[in-house]
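Report on one structure; see the data block that follows.
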Amino acid sequence: MSIPRVGIEESRATRSQWGSILPGRGIDGIVYTVYTPCDLLMWSQVRIRKMKEVIFLKFVQHETLLRKLLGTGNARLVADFDKDDFWGCGRYKRGCNESGKALMALRVYLCDSKRKYKQPQ
Numbered sequence: 044m045s046i047p048r049v050g051i052e053e054s055r056a057t058r059s060q061w062g063s064i065l066p067g068r069g070i071d072g073i074v075y076t077v078y079t080p081c082d083l084l085m086w087s088q089v090r091i092r093k094m095k096e097v098i099f100l101k102f103v104q105h106e107t108l109l110r111k112l113l114g115t116g117n118a119r120l121v122a123d124f125d126k127d128d129f130w131g132c133g134r135y136k137r138g139c140n141e142s143g144k145a146l147m148a149l150r151v152y153l154c155d156s157k158r159k160y161k162q163p164q
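See the structure below:
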C-alpha cells in the first residue's frame with residue numbers, strides 16, 4: 044500500500060523555519076503523519092541508540108552470532124552496504140559505517156567481564 048501524496052500545495056503554503064507539515068487525510072480516511080525537519084533531527088539523534096539496542100538483543104539471543112562477533116577480536120568491522128552510506132560504507136566506501144561501529148561497540152561491551160549481558164543504556 045502506498046501512502047497517497049496529499050496536501051502538497053497546502054504544505055508549500057505553510058512553510059516556516061521548522062519546515063512544513065502536510066495536512067490532510069489519505070483516500071482511505073487515515074490521517075498520515077509527515078515528519079518535519081525538526082522531527083527528523085530528533086530521529087537522527089535516536090536512531091543509533093535504537094540500533095544498538097536491537098543489535099544487543101539480537102546477538103545475546105543467538106549464540107552463534109555472538110560467537111562470530113566475539114571471534115572477530117579487535118578487527119575493524121565494516122558493513123559493506125553499497126546503497127546505504129549511513130549504516131554502511133556506501134557505494135564509494137566513504138560512508139559512516141554506523142552499523143559496523145555499533146557492532147564494534149557491542150563487542151567491546153560484551154568483552155568486559157563485569158557486564159554479563161546487561162542491556163547497555
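Our numbering applies: residue 44 is where the sequence shown begins, and numbers increase by one. Virtual Cβ for every residue (Gly too), placed ideally from N, Cα, C. Keep in mind that this is a model prediction, so the values were computed, not measured.
- In the structure shown, residue 138 adopts coil according to DSSP, grouped into three states.
- Inter-segment contact for the segment 103-120 and the segment 139-152 is present: three or more beta-carbon pairs are separated by less than 8 angstroms.
- Around the CB of residue 101, fewer than 16 other CB atoms lie within 10 Å, so the residue is classed as exposed.
- When rounded, the separation of the alpha-carbon atoms in residue 90 and residue 82 is 12 angstroms.
- The three-state secondary structure of residue 124, taken from DSSP, is coil.
- Excluding five sequence positions before and after residue 140, the CB atoms of its chain that fall closer than 7 angstroms to its own CB belong to 121, 122, 131, 132, given in chain order.
- When the beta-carbon positions are compared, residue 143 and residue 129 stay at least 8 angstroms from each other.
- Taken through DSSP and simplified to helix, strand or coil, residue 130 comes out as coil.
- Here the alpha carbons of residue 104 and residue 153 stand approximately 13 angstroms from one another.
- For residue 110, the enclosing alpha helix (DSSP H) starts and ends at 106-113.
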